[in-house]
Amino acid sequence: MTAPSVAMPTSLTEALGALADHGPGAVPLAGGTWIMRSPLRREGFAPAYVGLSRVAELGKINVTPDTIEIGAAVTHARLAEALEGLPEVAALAFAAGNSANPAIRNVATLGGNLCARGFAAADLVPALLCLDALVEVAGASATNRVGLADFLMHRDRLLQGSVLTRMILPRCGRPSAHARLPLRKAGDYPVAIVSMAAGIDGSGRIETSRIAVGSVEPVARRWTALEDALAGQPLDPARASDIARSLTTGFSGREAVEAPGWYRVQVLPTLVGRAVAALASQA
698 MTAPSVAMPT
708 SLTEALGALA
718 DHGPGAVPLA
728 GGTWIMRSPL
738 RREGFAPAYV
748 GLSRVAELGK
758 INVTPDTIEI
768 GAAVTHARLA
778 EALEGLPEVA
788 ALAFAAGNSA
798 NPAIRNVATL
808 GGNLCARGFA
818 AADLVPALLC
828 LDALVEVAGA
838 SATNRVGLAD
848 FLMHRDRLLQ
858 GSVLTRMILP
868 RCGRPSAHAR
878 LPLRKAGDYP
888 VAIVSMAAGI
898 DGSGRIETSR
908 IAVGSVEPVA
918 RRWTALEDAL
928 AGQPLDPARA
938 SDIARSLTTG
948 FSGREAVEAP
958 GWYRVQVLPT
968 LVGRAVAALA
978 SQA
């Protein structure tokens with residue numbers, strides 16, 4: 698078997714050129730935690746990889762009064778540290794600081810979490826969905842920004858010959874929270890995730906919310922029915938859990954060796970309650 702070739706560019710322009718030179722089989726490589734386990738999933742390696750670790754701009758975090766921009770090559774550990782103490786992105790900070798295990802967090806990147814095909818248990822994705830994140834993708838001829846939900850839907854097409862460069866988060870001042878249920882036999886990865894950001898009025902009731910669910914289905918998504926149902930409700934974990942329980946029929950849990958689909962769906966109301974409790978502690 699021929700070993701894959703690896704290019705190590707030092708600029709985004711060089712990275713895009715290397716992808717073009719190697720053709721459609723070339724794959725960007727950052728932390729490599731998902732790619733290196735390809736044989737365990739009985740998947741082959743790509744014929745060529747384009748390493749991104751030397752592209753300085755992909756490792757930057759820029760916090761302004763209005764936005765937070767996070768480079769695609771930022772590791773989970775560094776992201777958690779950089780976002781500490783910012784309540785509006787508490788969901789993302791918690792997700793980054795508790796995903797997988799310390800060894801993985803020191804290597805795995807934001808971009809890898811978003812681009813890994815078939816990785817349903819990515820912690821950062823639902824956290825970013827609830828924070829209304831934009832994805833920036835650079836290609837040879839243009840750089841585009843799209844909403845994360847659209848990116849997830851059209852990921853393969855958007856990434857063809859392109860590089861995910863950064864995420865852009867609006868700073869809207871709403872508290873956020875991230876609740877996950879890991880199982881040891883799942884390798885520290887969660888069997889279900891609920892991320893939530895909410896606007897709270899002066900009486901402690903939910904005005905608006907963005908709720909995202911991860912690891913339950915193959916791709917993370919918003920739980921819009923629950924968002925609508927919680928409008929006007931108090932920050933009451935038990936009540937939120939009861940409301941969520943009546944709305945789980947819209948999910949079709951994925952089957953895997955670490956947990957059956959029905960179990961993933963069944964634990965969602967509990968995770969909703971935990972997320973609301975975390976929001977209440979910030980209010």
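Residue numbers (the working numbering): 698 to 980. A virtual CB, placed ideally from N, CA and C, is assigned to each residue, including glycine. Only a predicted model underlies this, so the values are computations on that prediction, with no experimental measurement involved.
Legend entry - Cβ pair MET893, ALA774 closer than 8 Å: No, the Cβ-Cβ distance between MET893 and ALA774 is not below 8 Å.
Legend entry - Cβ-based neighbour list, GLY808, same chain, cut-off 7 Å, excluding 5 preceding and 5 following: Apart from the 5 residues on each side of it in sequence, GLY808 sits with its Cβ closer than 7 Å to the Cβ of ALA727, ALA769, ALA770 and LEU861 in its chain, given in chain order.
Inset, instruction - Output yes or no for whether 8 Å exceeds the beta carbon distance between ASP829 and ALA792. - result: Not in contact: ASP829 and ALA792 (Cβ atoms no closer than 8 Å).
Legend entry - Neighbour-count burial assignment, GLU778, 16 or more Cβ in a 10 Å radius: Flag for GLU778 reads exposed.
Inset, instruction - Report the option in ALA941, ALA977, ARG942 and LEU927 whose CA atom is closest to the CA atom of PRO872. - result: Nearest of ALA941, ALA977, ARG942 and LEU927 to PRO872, Cα basis: ALA977.
Legend entry - Residue span of the alpha helix (DSSP H) that contains LEU981, given as start and end: Nothing can be reported for residue 981: it is not among the residues displayed for the chain, which extend from 698 to 980.
Inset, instruction - Compare the C-alpha of PHE948 against each of ILE940, GLU914, PRO879 and ALA975 and name the closest. - result: Check the Cα spacing between PHE948 and each of ILE940, GLU914, PRO879 and ALA975: the tightest is with GLU914.
Inset, instruction - Spell out the partners DSSP gives HIS875 in its beta bridges. - result: Partner(s): SER892.
Inset, instruction - From the DSSP output, read off the bridge partner residues of PRO736. - result: According to DSSP, PRO736 bridges with nothing at all.
Legend entry - Closer than 8 Å to chain B by CB, GLU781: In summary, chain B is missing from the structure at hand, where a single protein chain is found.
Inset, instruction - Could you tell me whether the Cβ atoms of ALA909 and CYS827 are closer together than 8 Å? - result: Contact: yes.
Legend entry - In chain order, each alpha helix (DSSP H) run of at least 4 residues that lies wholly inside the segment 819 to 860: Qualifying alpha helix (DSSP H) stretches, in chain order: 821 to 827, 845 to 850 and 852 to 856.
Inset, instruction - Assuming ALA846 contacts ARG919 (C-beta within less than 8 Å), just tell me the rounded distance between them. - result: The beta-carbon separation of ALA846 and ARG919, rounded to 7 Å, stays under the 8 Å limit for a contact.
Inset, instruction - Could you check if ALA800 is buried or exposed, using at least 16 other CB atoms within 10 Å of its CB as the buried criterion? - result: Taking a 10 Å sphere around the C-beta of ALA800, we find fewer than 16 other C-beta atoms and assign the residue as exposed.
Legend entry - Whole alpha helix (DSSP H) elements within the segment 793 to 821, 4-residue minimum: Listed in chain order, the alpha helix (DSSP H) runs fully inside the segment 793 to 821 are 799 to 802 and 807 to 812, counting runs of at least 4 residues.
Inset, instruction - With DSSP as the reference, label SER943 as helix, strand or coil. - result: In the structure shown, SER943 sits in coil (DSSP, three-state: anything other than H, G, I, E or B).
Inset, instruction - For LEU737, count neighbouring C-beta atoms within 10 Å of its own C-beta (all shown protein chains included) and say buried if the count is 16 or more, exposed if not. - result: With fewer than 16 other Cβ atoms within 10 Å, it is exposed.
Inset, instruction - Classify ALA876 as buried or exposed, calling it buried when 16 or more other Cβ atoms lie within 10 Å of its own Cβ. - result: That one is buried.
Inset, instruction - Return the residue from the list TYR960, ALA895, PRO725 and GLY958 that minimises the CA-CA distance to GLU711. - result: The closest CA to that of GLU711, considering only TYR960, ALA895, PRO725 and GLY958, is found on PRO725.
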